[in-house]
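Worksheet: one structure, shown below.
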């Protein structure tokens, strides 16, 4: 099974970047996924179906998360240039599961993790 990322069930999205952060005041981790474009927006489905969940699927199964923030960035010509979606992970077990997914996604799509 290949990995997939979906805001809308059945509509795969392509991650262009990943950033991992940690809250200063707690052990909560923050995963930030970057997208150069979103199929959900381009096909106007997001206007008919509110984006409230993000599904990460791989050979282990499905991880369903609720985005805590979605930022849209536009180029000078008002075209969408990128989207930043973040979600928080409070549990170490869930974070480890998300990391296994991200490693699989990275391997399939030629990503390399680099500390900043």
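Numbering (the numbering used here), first residue to last: 1321 to 1436. Backbone N, C-alpha and C define an ideal beta-carbon position, used for all residues, glycine too.
Worksheet item: By DSSP, does residue 1429 sit in helix, in strand, or in coil?
Response: Secondary structure at residue 1429: helix, using DSSP grouped into helix, strand and coil.
* Asked: From this set, 1343, 1357, 1347 and 1344, which residue's C-alpha is nearest residue 1325's C-alpha?
  -> Looking only at 1343, 1357, 1347 and 1344, the smallest Cα-Cα distance to residue 1325 is reached by 1357.
Proximity below 8 angstroms, CB of residue 1355 to CB of residue 1402:
In this structure, residue 1402 lies closer than 8 angstroms to residue 1355 by Cβ.
Discussion item. Once DSSP output is grouped into helix, strand and coil, what is the label at residue 1404?
Written reply: If DSSP states are grouped into helix, strand and coil, residue 1404 belongs with the strands.
- Item | Status (buried if at least 16 other CB within 10 Å, exposed otherwise) for residue 1416 | Burial call: exposed.
Under the rule that 16 or more other beta-carbon atoms within 10 Å means buried, what is residue 1368, buried or exposed? In this prediction, residue 1368 scores a pLDDT of 49, lower than 50, which makes its location untrustworthy; the coordinate-derived value is nonetheless stated afterwards. Classification for residue 1368: exposed.
Selected residue, minimal CA-CA separation from residue 1387, among 1379, 1399, 1408 and 1394: Cα-wise, what sits closest to residue 1387 is 1408.
Would residue 1344 be called buried (16 or more neighbouring beta carbons within 10 Å of its own) or exposed?
-> The residue is exposed, with fewer than 16 neighbouring Cβ atoms inside 10 Å.
**Alpha-carbon spacing of residue 1352 relative to residue 1414, whole angstroms** = Straight across, the Cα-Cα distance linking residue 1352 with residue 1414 is about 15 angstroms.
*asked:* Can you check which of these residues, 1433, 1418, 1434 and 1399, is closest to residue 1362 by C-alpha distance?
replied: Residue 1362 has its Cα closest to that of 1399, out of 1433, 1418, 1434 and 1399.
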